[in-house]
Ligand SMILES: C[S@@+](CC[C@H](N)C(=O)[O-])C[C@H]1O[C@@H](n2cnc3c(N)ncnc32)[C@H](O)[C@@H]1O
């Protein structure tokens, strides 16, 4: 019997009705009572700890990068997916949350450096990891003064967390909606002055046009691999479970794939015996450099970090305190200092390719803000302050940003310029980075 015949036979009314009729003795198979059935909900999602245990049970110990990736970005239980984490009531505060001056000075920097390049229009402003959206709010307040028309300007936010996307949309837009699945962006919206705003979960999806790229406290959350130099050579630090099912660090017995791929030139461990490398950061720095070089624009990276002298900076923050990164995963912010020397390598060299950006810095945050006339900007704000209390707050916030003991020296700025600007930058050195020679 071929298939067509089968179809015909089953369509015969007599046979069909016979099959559908309840015959005596026909067995009823028991199913649960629909009243007791529950559809799966987010509340049923396994906890981060359960996910980590299962991964380790199935695949063996995790690299620190795998651990960070799960803990920070798991779609339902990841650290940035659940709640507001930035601000006094959260786990940490950032410079834009401390002083409006921060975002305003950054906007002035981008605008003034763009004057060396021509019109700079139409302009895309791209922010990576925008947090509460505060920096962009302050940024746009300044840009309004420079009279960009709404059709000459668009905002593109790279944000992995849907919770944070919604928070940012609430701060920036008068209307916003989730996008169709086939579009490269997850959400789109519009500011009160009619500027279009788009959200993406990956920089690769942002249109390749003339852009200003801002990454403030973004690179420090990207996963790192941790390595230690032993008698047998470089080995990787892994995360395993002890007999009580608690995570602990152990050193790999053999060279892992990551040791082979990452602990080698052009990255240089120097005389360090501990080393942290974030391949994701290297990839994004490379993308930023290539985009700036090929399609025009500027990138500004600001973060806490070093220039290749530190090797063990992985830590966690909970309620403004440093805590053990392996305690209560998902409840605290995981972070590591940015190795700016590695970002420089990633942005400057690409074997077999012509494009590379000019890399400026890193310079200390206090130097950058002071060279950008931060004090003059503070004076303007003080003159507009309503009372003595507000004036005191403004001064204290600015001091926190530039005090070497607080954020002034721990935070650093690095910028990427198109390689075609080398001659211009010789004549007109980059503001904020002055005193440095072009490399
Ligand atoms: C430390 S917060 C910085 C917030 C903000 N830039 C500020 O200065 O206040 C890190 C931000 O990056 C986002 N994020 C974390 N991992 C990400 C990833 N892989 N891709 C895009 N965004 C990410 C977080 O959700 C959060 O908005």
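Numbering (my numbering), first residue to last: 90 to 528. Glycine included, every Cβ here is placed at the ideal spot set by N, Cα and C. The structure presented is a predicted model; accordingly, all values stated were derived computationally and were not measured.
Residue i: CB within 7 Å of a non-hydrogen atom of ligand 1
i: residue 175; result: yes
i: residue 520; result: no
i: residue 338; result: no
i: residue 221; result: yes
i: residue 244; result: no
i: residue 183; result: yes
i: residue 322; result: no
i: residue 264; result: no
i: residue 423; result: no
i: residue 397; result: no
i: residue 194; result: no
i: residue 235; result: no
i: residue 249; result: yes
i: residue 407; result: no
i: residue 169; result: yes
i: residue 261; result: no
i: residue 319; result: no
i: residue 186; result: yes
i: residue 530; result: Residue 530 is absent from the model: the chain starts at 90 and stops at 528.
i: residue 390; result: no
For residue j and residue i, the rounded distance between their alpha carbons
i: residue 377; j: residue 192; result: 20 Å
i: residue 150; j: residue 508; result: 43 Å
i: residue 436; j: residue 186; result: 29 Å
i: residue 420; j: residue 117; result: 49 Å
i: residue 282; j: residue 239; result: 7 Å
i: residue 305; j: residue 249; result: 15 Å
i: residue 505; j: residue 430; result: 14 Å
i: residue 416; j: residue 136; result: 14 Å
i: residue 481; j: residue 398; result: 37 Å
i: residue 470; j: residue 486; result: 12 Å
i: residue 518; j: residue 206; result: 13 Å
i: residue 381; j: residue 402; result: 30 Å
i: residue 354; j: residue 348; result: 12 Å
i: residue 521; j: residue 459; result: 8 Å
i: residue 533; j: residue 165; result: Nothing can be reported for residue 533, as the shown portion of the chain is limited to 90 through 528.
i: residue 332; j: residue 152; result: 19 Å
i: residue 525; j: residue 268; result: Note that residue 525 has pLDDT 47, beneath the 50 cutoff, so the model's placement of it is unreliable and the number below is only indicative. Answer to the nearest angstrom: the Cα atoms are 44 Å apart.
i: residue 384; j: residue 213; result: 11 Å
i: residue 512; j: residue 290; result: 36 Å
i: residue 169; j: residue 343; result: 34 Å
i: residue 321; j: residue 359; result: 18 Å
i: residue 230; j: residue 125; result: 54 Å
i: residue 109; j: residue 171; result: Low confidence applies here, because residue 109 scores a pLDDT of 46, under 50, leaving its location unreliable; read the following figure in that light. Looking at the two C-alpha atoms, the distance is approximately 50 Å.
i: residue 516; j: residue 302; result: 24 Å
Residue of the options minimising C-alpha distance to residue i
i: residue 275; options: 282, 284, 295 and 344; result: 295
i: residue 364; options: 273, 372, 197 and 351; result: 351
i: residue 340; options: 349, 334, 333 and 329; result: 329
i: residue 427; options: 385, 460, 414 and 309; result: 309
i: residue 232; options: 196, 247 and 222; result: 196
i: residue 367; options: 375, 314 and 380; result: 314
i: residue 298; options: 228, 357 and 211; result: 211
i: residue 457; options: 194, 122 and 175; result: 194
i: residue 154; options: 335, 320, 375 and 425; result: 425
i: residue 217; options: 359, 343, 293 and 338; result: 293
i: residue 498; options: 396, 342, 244 and 148; result: 396
i: residue 501; options: 523, 474 and 451; result: 451
i: residue 411; options: 180, 173 and 257; result: 180
i: residue 391; options: 466, 272, 515 and 496; result: 496
i: residue 466; options: 284, 338 and 483; result: 483
Beta bridge counterpart(s) of residue i as assigned by DSSP
i: residue 412; result: 405
i: residue 278; result: 265 and 286
i: residue 315; result: 365
i: residue 424; result: 404
i: residue 452; result: 502
i: residue 393; result: 500
i: residue 245; result: 215 and 287
i: residue 181; result: 175
i: residue 305; result: 391
i: residue 329; result: 337
i: residue 324; result: 317
Close beta carbons around residue i, own chain, < 8 Å, minus the five adjacent residues each side
i: residue 226; result: 192, 260 and 261
i: residue 143; result: 135
i: residue 461; result: 194, 197, 198, 520 and 521
Close-in-space but distant-in-sequence residues of the same chain around residue i (CB under 7 Å, 5 per side omitted)
i: residue 288; result: 246, 248, 254, 274, 275 and 276
i: residue 434; result: 355 and 356
i: residue 201; result: 520
i: residue 161; result: 167, 168, 169, 310 and 423
i: residue 90; result: Residue confidence for residue 90 is low, a pLDDT of 39 falling below 50, so the modelled location carries little weight and cannot support an answer.
Sequence-distant residues of the same chain with beta carbon closer than 6 Å to residue i, five excluded per side
i: residue 370; result: 308 and 311
i: residue 189; result: 227
i: residue 491; result: 455, 458 and 497
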